[in-house]
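Participant: Numbering (this note's numbering), first residue to last: 72 to 135. Glycine included, C-beta positions come from ideal geometry on N, C-alpha and C. The structure displayed is predicted, hence computed values, not measured ones.
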Amino acid sequence: MEVTIQDNESLERALRRFKRKVQRSGLYSELRKRRFYEKPSAQRKRKREAAIRRERRRQRRGKV
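Next up, the structure:
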């Protein structure tokens, strides 16, 4: 991932652009997921629980 500093751009601003770019690409979350091996059964369980949370959240927003 690369960010070039523009003319009249501070280092802090370029760093913010870089962080935003990494965040949007999903690179950091992918690294956290792959840091340790996760058994396939644990992956399925995590995905199933996430789907349940998403569904509950969606239903709550739909009622209000």
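Within this structure, are the beta carbons of Ser-100 and Met-72 separated by less than 8 angstroms?
Facilitator: no
Participant: Under three-state DSSP, which class holds Glu-126?
Facilitator: Assignment of Glu-126 by DSSP, reduced to helix, strand and coil, places it in the helix class.
Participant: Closest to Arg-117 by C-alpha separation, out of Arg-127, Lys-104 and Arg-128, would be which residue?
Facilitator: Lys-104
Participant: Between the alpha carbons of Ala-122 and Glu-80, how many angstroms are there, rounded?
Facilitator: 42 angstroms
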